[in-house]
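S.K.: Quick note, the sequences are listed as chains A and B, same order. Whatever position you read off the first sequence (first residue = 1), add 245 for the numbering used here. Whatever position you read off the second sequence (first residue = 1), add 58 for the numbering used here. Idealized CB from N, CA, C, for every residue including glycine. Got a structure for you, written out below as structure tokens; questions coming shortly.
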Amino acid sequence: MSIFLDEATRVCVQGITGRDGSFHTRAMVEYGTNVVAGVTPGKGGQEMDGIPVFDTVGEAVEATKANATIIFVPARFAANAAMEAVESGVKLVVVVSEGVPTLDVARIYKRAKELGVRMIGPNCPGIISPGKSKLGIMPGSIHSRGGIGVVSRSGTLTYEVVDSLGRAGMGQSTVIGIGGDPIIGTNFIDTLEAFEGDHETEAVVLIGEIGGTDEEQAAEFIKAKMTKPVVSFIAGRTAPPGKRMGHAGAIIAGGKGTAQEKMDALAAAGVPVADRPSEIPGLLKTALGR
Amino acid sequence: MKIHEYQAREILSEYGVPIPRFEVVDDPGDARRVAEEIGRMVVVKAQVHVGGRGKAGGVKLAKTPDEAHAHATAILGMDIKGLTVERVMVADAVDIESEYYVGIVVDRATKMPVYMVSAAGGVDIEEVAATTPERIHKHPVDPDKGLSAAEAQELAGKLDTRSHVVRDIAVVIEKLYDAFTGSDASLAEINPLVVTPDEQVWAIDAKINIDDNALFRHPDIAAMRDPSGETDDLTRAREMGLSYIKLDGDVGCIVNGAGLAMTTMDVIKYYGGEPANFLDIGGSSSPEKMQTAIDIITSDSNVKSILINIFGGITRCDDVARGFVAALKERPVGLPIVVRLTGTNAVEAGRILAEHGMKSASTMDEAVEKAVELGRRQA
Chain A
246 MSIFLDEATR
256 VCVQGITGRD
266 GSFHTRAMVE
276 YGTNVVAGVT
286 PGKGGQEMDG
296 IPVFDTVGEA
306 VEATKANATI
316 IFVPARFAAN
326 AAMEAVESGV
336 KLVVVVSEGV
346 PTLDVARIYK
356 RAKELGVRMI
366 GPNCPGIISP
376 GKSKLGIMPG
386 SIHSRGGIGV
396 VSRSGTLTYE
406 VVDSLGRAGM
416 GQSTVIGIGG
426 DPIIGTNFID
436 TLEAFEGDHE
446 TEAVVLIGEI
456 GGTDEEQAAE
466 FIKAKMTKPV
476 VSFIAGRTAP
486 PGKRMGHAGA
496 IIAGGKGTAQ
506 EKMDALAAAG
516 VPVADRPSEI
526 PGLLKTALGR
Chain B
59 MKIHEYQARE
69 ILSEYGVPIP
79 RFEVVDDPGD
89 ARRVAEEIGR
99 MVVVKAQVHV
109 GGRGKAGGVK
119 LAKTPDEAHA
129 HATAILGMDI
139 KGLTVERVMV
149 ADAVDIESEY
159 YVGIVVDRAT
169 KMPVYMVSAA
179 GGVDIEEVAA
189 TTPERIHKHP
199 VDPDKGLSAA
209 EAQELAGKLD
219 TRSHVVRDIA
229 VVIEKLYDAF
239 TGSDASLAEI
249 NPLVVTPDEQ
259 VWAIDAKINI
269 DDNALFRHPD
279 IAAMRDPSGE
289 TDDLTRAREM
299 GLSYIKLDGD
309 VGCIVNGAGL
319 AMTTMDVIKY
329 YGGEPANFLD
339 IGGSSSPEKM
349 QTAIDIITSD
359 SNVKSILINI
369 FGGITRCDDV
379 ARGFVAALKE
389 RPVGLPIVVR
399 LTGTNAVEAG
409 RILAEHGMKS
419 ASTMDEAVEK
429 AVELGRRQA
């Protein structure tokens with residue numbers, strides 16, 4: 246098993262004919278993802294590498310039974326694309342696009358919740374269940390199948406951690422980048438809960454960063470509900486307060502959201518916190534008693 | 059994006075929030091004229107993007123036009139936390155009987171806008187939140203339905219008991235919400251919202267932060283950006299799509315991705331160094347971006363060594379390597395540079411570096427340790 250995504254997932258790509266969309270569609274197909282449809286308004290009836298292209302997600306779902314979609318459209322069109330996706334009948338919507346207005350995301354999230362659709366992102370690298378399927382922009386080659394679940398607010402930092410795991414011979418069940426924006430569809434707790442229930446996952450790596458209190462809430466959840474070991478890394482312990490460090494979510498405001506508070510909360514929940522990404526495999530081995 | 063108080067007042071006025079008469083001027087003579095026109099006590103306020111203007115002497119009451127002239131003369135050109143005051147706002151200083159707080163933020167936890175109101179207005183709301191959180195009433199707002207008149211009435215009732223004052227406050231509460239959604243704010247607050255002795259309701263001080271992601275659909279607000287609080291480096295970085303923050307250390311770093319960039323800073327510190335900056339080159343990697351990044355880093359005279367840490371995903375390492383090599387050819391850098399390129403197209407990147415007699419470090423730890431060590435030898 247794995248969480249949210251496996252080889253049976255039938256994928257639609259929104260923005261499939263665009264520069265990023267076509268590049269990553271090819272990379273996903275090469276990885277083994279079952280891409281059944283693409284959507285570009287106005288290009289319905291065409292094909293991209295033999296994948297049928299539709300004008301709307303609804304048509305794509307109707308014709309191909311797609312049950313997941315990934316969005317590569319430019320920021321100013323991404324909110325409409327995401328709302329369309331959420332209402333199309335798919336069960337999983339991954340929004341890679343960066344720069345989607347926050348109030349639009351709030352409205353899309355609400356609709357997704359009403360309809361029982363899982364949204365991941367926006368502004369995220371996506372999700373990969375190694376050896377099965379990849380719905381995102383991460384380099385597939387660094388991943389390997391195994392028992393470690395990874396959840397992260399970051400993109401390239403996740404690759405760094407996965408690379409460390411790979412060097413230590415530790416494969417992954419599912420790796421998910423939940424995104425760096427203030428409002429995101431799937432958070433740490435949703436993912437931890439799913440990993441806890443997934444029999445392929447033996448332990449979880451939680452990669453957080455400064456800003457907000459999501460890590461503190463995750464720590465409470467881990468303490469109360471998780472039986473599987475969790476280890477963590479928090480980025481931004483040297484970040485100055487009041488400055489936005491790239492991610493809209495990564496700002497320490499009013500003394501809240503510091504790395505130290507998060508590390509303390511996690512430590513209090515029994516979660517070992519690494520000083521560097523390269524320490525994570527060692528902490529996992531200790532936690533798993535190997 | 060932050061906007062000035064007077065700009066926030068302009069936005070709120072457009073939405074019908076009652077704002078005492080004001081004008082923004084850059085000359086003491088104009089301050090005198092505005093005070094004459096208002097014809098009663100005015101407040102002269104520095105317009106700079108920092109908190110604590112009052113404590114710094116940037117906010118003064120003036121009983122007469124001459125006094126307004128004198129205050130404007132003193133405040134214009136004043137240095138507040140490193141920023142020079144170029145404009146002051148002259149506003150009608152209404153008499154205050156009660157002061158309240160009303161504000162809206164996008165709340166990460168509920169994933170909705172949340173209204174906050176407090177009868178403890180006129181003071182730092184974060185202070186109130188820290189010491190007497192029970193004095194702040196919070197109310198999540200359904201982003202589809204918006205704020206109903208009944209909800210606004212209920213919130214207003216937490217602040218005052220006089221029925222017509224409650225009614226007037228409720229109107230402000232509704233209009234502030236309209237301004238919040240209409241301008242795609244991430245924060246909109248009025249502090250204080252005052253009631254005068256003759257029971258008029260006025261918004262005295264306003265603060266609005268705009269969601270950067272939504273600026274594309276608000277060109278009028280985007281044009282309000284005031285780069286005067288920004289250094290040239292910062293402006294250059296922003297225009298090139300780089301996310302840059304200068305720090306005090308001596309190891310310059312160029313990284314792709316915000317999380318990895320922060321981590322690189324943390325690992326520099328772990329190995330006994332101090333990061334000179336945060337710099338995220340973002341998802342793409344044109345030679346111009348790399349050139350700009352290197353220029354910005356080397357213009358900081360504290361920098362003793364440079365670390366380039368790229369984990370390719372969307373970013374292709376060969377693009378970064380080409381940009382980097384081109385940048386060095388254009389303008390050689392007299393500082394040690396450590397490169398670590400891995401991920402998408404790393405093999406090709408390695409070949410490009412090798413052609414120029416360079417080699418990528420194999421791990422982040424190795425690269426950081428080396429950059430810190432080389433920087434130390436320069437010192």
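Compute the Euclidean distance between the alpha carbons of residue 138(B) and residue 263(B), then round it to the nearest angstrom.
M.R.: Cα-Cα distance, rounded: 19 Å.
S.K.: First and last residue of the alpha helix (DSSP H) that includes residue 274(B)?
M.R.: Taken as a continuous stretch (DSSP letters only), residue 274(B) belongs to no alpha helix (DSSP H), as it is neither H nor E.
S.K.: Listed in chain order, which residues of the segment 81-93 of chain B have Cβ atoms closer than 8 Å to some Cβ of chain A?
M.R.: From the segment 81-93 of chain B, no residue has a Cβ closer than 8 Å to chain A.
S.K.: Out of curiosity, what's the CA-to-CA distance linking residue 476(A) and residue 387(A)?
M.R.: Spanning the two alpha carbons is a distance of roughly 20 Å.
S.K.: Would you mind stating whether residue 424(A) and residue 367(A) have Cβ atoms separated by less than 7 Å?
M.R.: Yes. Within cutoff.
S.K.: Could you list which residues in chain A have their beta carbon closer than 7 Å to that of residue 169(B), in chain order?
M.R.: Under the 7 Å cutoff, chain A gives 351, 354 and 428.
S.K.: Quick one: which unbroken alpha helix (DSSP H) runs of 4-plus residues sit fully inside the segment 276-316 of chain B? Chain order, please.
M.R.: With a minimum length of 4 residues, the continuous alpha helix (DSSP H) runs that stay inside the segment 276-316 of chain B are 277-280 and 290-297.
S.K.: Run down chain B in chain order and give the residues with a C-beta less than 7 Å from the C-beta of residue 521(A).
M.R.: Those are 325, 328 and 423, listed as they occur along chain B.
S.K.: Would you tell me roughly how many angstroms separate the C-alpha atoms of residue 409(B) and residue 418(B), rounded to the nearest one?
M.R.: If you take the alpha carbons of residue 409(B) and residue 418(B), they lie about 10 Å apart.
S.K.: Report the option in 203(B), 259(B) and 219(B) whose CA atom is closest to the CA atom of residue 236(B).
M.R.: Minimum Cα distance to residue 236(B) is reached at 203(B).
S.K.: Tell me the DSSP secondary structure of residue 368(A) in three-state form.
M.R.: Three-state DSSP puts residue 368(A) in coil, outside helix and strand.
S.K.: Tell me which residues of the segment 372-393 of chain B have at least one Cβ-Cβ distance to chain A shorter than 9 Å, keeping chain order.
M.R.: Those residues of the segment 372-393 of chain B that come within reach of chain A (Cβ to Cβ, closer than 9 Å) are 372 and 373.
S.K.: With DSSP collapsed to three states, give me the class of residue 254(A).
M.R.: It is coil, neither helix nor strand.
S.K.: Do we get a CB-CB distance below 7 Å when we pair residue 276(A) with the residues of chain B?
M.R.: Not an interface residue.
S.K.: Shorter than 7 Å from the beta carbon of residue 374(A) to some beta carbon of chain B?
M.R.: Chain B, which has no Cβ nearer than 7 Å to the Cβ of residue 374(A), makes this no.
S.K.: How do the segment 523-533 of chain A and the segment 116-136 of chain B stand: do at least 3 beta-carbon pairs fall below 8 Å, yes or no?
M.R.: No: the two stretches stay apart, fewer than three of their Cβ pairs being nearer than 8 Å.
S.K.: Can you tell me which residues form a DSSP beta bridge with residue 317(A)?
M.R.: According to DSSP, residue 317(A) bridges with nothing at all.
S.K.: Does residue 325(B) come out as helix, strand or coil in the three-state DSSP assignment?
M.R.: Residue 325(B) falls in the helix class under three-state DSSP.
S.K.: So, is residue 227(A) buried or exposed, given that buried needs 16 or more other C-beta atoms within 10 angstroms?
M.R.: The first residue shown for chain A is 246 and the last is 535, placing residue 227(A) beyond what the model contains.
S.K.: Hey, is residue 264(A)'s beta-carbon within less than 7 Å of any beta-carbon in chain B?
M.R.: Chain B contact via Cβ: absent.
S.K.: In three-state DSSP terms, what is residue 395(B)?
M.R.: Note: residue 395(B) maps to strand in three-state DSSP.
S.K.: Rounded to whole angstroms, what's the CA-CA distance from residue 416(B) to residue 424(B)? Just pull it up for me.
M.R.: Straight-line Cα distance between these residues: approximately 15 Å.
S.K.: So, is the C-beta of residue 499(A) closer than 7 Å to a C-beta in chain B?
M.R.: Only weak support exists for where residue 499(A) lies, its pLDDT of 49 falling under 50; the coordinates are left without a value.
S.K.: Which residues in the same chain as residue 465(A) place their Cβ atom closer than 8 Å to its Cβ, once the five residues preceding and following it in sequence are excluded?
M.R.: Within the same chain, residue 465(A) has close Cβ partners 510 and 514.
S.K.: For residue 246(A), does the count of other Cβ atoms within 10 angstroms reach 16, so buried, or fall short, so exposed?
M.R.: Label assigned to residue 246(A): exposed.
S.K.: Per DSSP, which residues does residue 386(A) bridge with? Please list them.
M.R.: Residue 386(A) is not bridged to any residue.
S.K.: Return the chain-ordered ranges of every beta strand (DSSP E) run that is complete within the segment 185-234 of chain B and spans a minimum of 3 residues.
M.R.: Listed in chain order, they are 194-198.
S.K.: For a contact defined as C-beta to C-beta under 8 Å, what are the partners of residue 449(A) on chain B?
M.R.: What residue 449(A) touches in chain B: nothing, since even the nearest Cβ is about 17 Å away.
S.K.: Give a yes or no on whether the minimum CB-CB distance between residue 347(A) and chain B is below 7 Å.
M.R.: By this cut-off, residue 347(A) is an interface position.
S.K.: The alpha helix (DSSP H) spanning residue 300(A) covers which residue range?
M.R.: Segment: none, residue 300(A) is in no alpha helix (DSSP H) and carries neither H nor E.
S.K.: May I ask you to verify whether the segment 383-391 of chain B touches the segment 331-342 of chain B, counting CB pairs closer than 8 Å and requiring at least 3?
M.R.: No, because fewer than three Cβ pairs between the segment 383-391 of chain B and the segment 331-342 of chain B fall closer than 8 Å, the two stretches do not touch.
S.K.: Hey, residue 385(A) and residue 440(A): beta-carbon distance below 7 Å or not?
M.R.: Taking 7 Å as the Cβ cut-off, residue 385(A) and residue 440(A) do not qualify as a contacting pair.
S.K.: Check residue 65(B) in the structure and name its three-state DSSP category.
M.R.: Reduced to three states, the DSSP call for residue 65(B) is helix.
S.K.: For residue 65(B), collect the residues of the same chain with a Cβ closer than 7 Å to its Cβ; drop the 5 residues on either side in sequence, then sort them by chain order.
M.R.: Answer for residue 65(B): 282, listed in chain order.
S.K.: In the structure shown, what three-state DSSP assignment does residue 480(A) receive?
M.R.: Residue state, collapsed to three classes: strand.
S.K.: From 422(B), 401(B), 434(B) and 376(B), pick the residue whose C-alpha is nearest to that of residue 411(B); which is it?
M.R.: Nearest of 422(B), 401(B), 434(B) and 376(B) to residue 411(B), Cα basis: 376(B).
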